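Contents: one structure, followed by commentary.
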Amino acid sequence: MTSGTDAVALTQSLLRFDTVNPPGNEDQCARMLGAALERAGFRTRYHSFGPGRTNLLADVGGQSDRLPLCFTGHIDVVPLGNAPWSKDPFAGETDAGRMYGRGSSDMKAGVAAFVAAAIRMAPHLERTPGLTLVITAGEENGCEGAFHLHRDGVLGRAGAVVVAEPTSNYPFVGHKGAFWLRAVTHGVTAHGSMPDKGDNAVYKAARAVTKLESFRFANPPHPLMGQATLNVGTFHGGLNINSVPDLAAVAIDIRTVPTVDHRELLAALSAQLGPEVELQTLIDLESVYTDPAEPWMQSVFDVMTPILGARPAARAATYFTDAAALNLAYRNPPTVILGPGEPHMAHQTDEYCVVERIAQSVGAYEQLIRRWCLA
Ligand SMILES: [Zn+2]
1 MTSGTDAVAL TQSLLRFDTV NPPGNEDQCA RMLGAALERA GFRTRYHSFG PGRTNLLADV
61 GGQSDRLPLC FTGHIDVVPL GNAPWSKDPF AGETDAGRMY GRGSSDMKAG VAAFVAAAIR
121 MAPHLERTPG LTLVITAGEE NGCEGAFHLH RDGVLGRAGA VVVAEPTSNY PFVGHKGAFW
181 LRAVTHGVTA HGSMPDKGDN AVYKAARAVT KLESFRFANP PHPLMGQATL NVGTFHGGLN
241 INSVPDLAAV AIDIRTVPTV DHRELLAALS AQLGPEVELQ TLIDLESVYT DPAEPWMQSV
301 FDVMTPILGA RPAARAATYF TDAAALNLAY RNPPTVILGP GEPHMAHQTD EYCVVERIAQ
361 SVGAYEQLIR RWCLA
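Just so it is clear: in the sequence shown, position 78 is 78 by our numbering, and no numbers are missing.
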């Protein structure tokens, strides 16, 4: 068997664990991977942040003075959605070169590919910089598992990061950040026939939304990612028609670029919205970006050129990843998002991945490991 077929079989095994988040239940899936990695000589650590919620850390080599190469991926998946599936979402059925299942593209194929590549290379990695594998639970609701790893100080160090999220094996040099806020306004309730006795929280929220619609970012646009964006996603206020509402809330989805400082942005929004609006932070994930000219990124491009049939151009992903949390611990090493899944299949009904890309990805990861550890 080649490592490519190992990785295809491993993808199928991972799909058979129901790790829909919520609730997640990643524990058994993490322990199956941990056992396979231990048999190959990896040192493993399990890290739990709730019932059934288990992250897996696995290391091999690492006895030289250079930092290890990190591969990361999540094993939780999003719910199935309302539409019925035409395939079993937890069987890993294959048909016409595709493997179906919830999480096939996002991102169990990616996890299987780097685990297969790491196991195959493990016998050669003693007394080299080595590998550190970070397999997370709870990514799909804001990188919860990865943030626990960071807060608990268990991540160690890494010299570069490969995030195996779905990119159809195209290397992305970064992704936008996510800064999600809730704007809350307070008032005083009164009978709807006597509004002068109350203080209407919905009017305050409406004024806030109007200011948000015309908000202009002060930072210069980023040369690759352009400008940050802001969207008001929800607006809730009031309980019944005949009362003055004393509470309203607006959810704001901001996608940031590397030229945005989240704290400065929060201060600018607070100043614009004024004292009648309280801003609460829901998710605070910085953008991730590596200069395409950086030598390791160029080496990733070298590896991917024959696989893609042309040298990659600098591109960024639209979604955020666990790298936003991991890079707080690793202090922003060069980071590539590169995985065998299909980005357009993420979170879709009848999600599939392309089987051929799994073996391609294992080959690419093995080359990245050789270049990092054995060059
Ligand atoms: Zn994902």
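For glycine and all other residues, C-beta sits at the position ideal for the given N, C-alpha and C. All values reported here derive from a predicted model rather than from experimental measurement.
Whole-angstrom Cβ separation of residue i and residue j, contact assumed at under 8 angstroms?
| i | j | result |
| --- | --- | --- |
| Thr335 | Ala248 | The Cβ separation is near 39 angstroms, so there is no contact. |
| Leu279 | Leu266 | 7 angstroms |
| Ala178 | Phe320 | 5 angstroms |
| Ala346 | Ala7 | Between Ala7 and Ala346 the Cβ distance is about 19 angstroms, and since that is not below 8 angstroms, they are no contact. |
| Gly110 | Gly73 | 5 angstroms |
| Val175 | Ala9 | The sequence as given places His at residue 175; Val does not occur at that position. With a Cβ gap of about 30 angstroms, His175 and Ala9 do not count as contacting. |
| Thr94 | Leu181 | Not confirmed; about 43 angstroms, so no contact. |
| Val161 | Asn55 | So it is not a contact: roughly 16 angstroms between Cβ atoms. |
Taking DSSP's pairing of strands, which residues face residue i in a bridge?
| i | result |
| --- | --- |
| His347 | Answer by DSSP bridge pairing: none, since His347 is not bridged. |
| Tyr170 | Its beta-bridge partners do not exist; DSSP assigns none. |
| Phe235 | Val250 |
| His191 | Ser243 |
| Arg255 | Ala178 and Thr229 |
Where does residue i sit, in a helix, a strand or coil, going by DSSP?
| i | result |
| --- | --- |
| Asp196 | helix |
| Asp88 | coil |
| Cys70 | strand |
| Glu366 | helix |
| Met99 | strand |
| Gly34 | helix |
| Gln227 | coil |
| Ser243 | strand |
| Ile135 | strand |
| Leu328 | helix |
| Phe320 | coil |
| Arg315 | coil |
| Cys353 | strand |
| Leu285 | strand |
| Glu278 | strand |
| Ala147 | For clarity, residue 147 is Phe in the given sequence; the question names Ala instead. Here Phe147 sits in helix by DSSP. |
| Phe301 | helix |
| Ile307 | helix |
Among the residues of its own chain, which have a CB less than 8 angstroms from the CB of residue i, if the five just before and after it don't count?
| i | result |
| --- | --- |
| Tyr170 | Met304, Leu308, Pro312, Arg315 and Leu338 |
| Glu366 | Ser3, Ala117, Arg120 and Met121 |
| His262 | Gly177, Phe179, Thr256, Asp284 and Glu286 |
| Ser86 | Asp350 |
| Asp291 | Val173 and Met297 |
| Pro245 | Gly187, Thr189, Asn200, Ala201, Val202, Gly237, Gly238 and Leu239 |
| Arg20 | Arg is not the amino acid found at residue 20; the sequence shown has Val there. Closer than 8 angstroms at the Cβ level, and outside the excluded window around Val20, lie Asp76, Val77, Val78, Pro79, Leu80 and Arg102. |
Return the chain-ordered list of same chain residues with a C-beta closer than 7 angstroms to the C-beta of residue i, the five sequence neighbours on each side being excluded.
| i | result |
| --- | --- |
| Glu276 | Thr185 and Lys204 |
| Arg371 | Ser299 |
In chain order, what residues of the same chain lie with their CB nearer than 6 angstroms to the CB of residue i, ignoring the 5 residues before and after it?
| i | result |
| --- | --- |
| Phe49 | His148 |
| Gln12 | Gly92 |
| Asp18 | Phe90 |
| Ala36 | none |
| Asp59 | Arg43 and Thr132 |
| Phe235 | Val250 |
| Met1 | Confidence at Met1 is low in this model, with a pLDDT of 46, below 50, so the placement of that residue is unreliable and no value is reported for it. |
| Asp253 | Trp180, Asn231 and Gly233 |
Answer yes or no: the CB of residue i versus the heavy atoms of ligand 3, is any distance below 7 angstroms?
| i | result |
| --- | --- |
| Met107 | Looking for ligand 3 in the displayed structure turns up nothing; the ligands present are ligand 1. |
Could you confirm whether any beta carbon from chain C is found closer than 8 angstroms to the beta carbon of residue i?
| i | result |
| --- | --- |
| Leu224 | Absent here is chain C; the protein component of the structure consists of one chain. |
Beta strand (DSSP E) segments (min. 3 residues) lying fully within the stretch 43 to 69: 43 to 50 and 53 to 60
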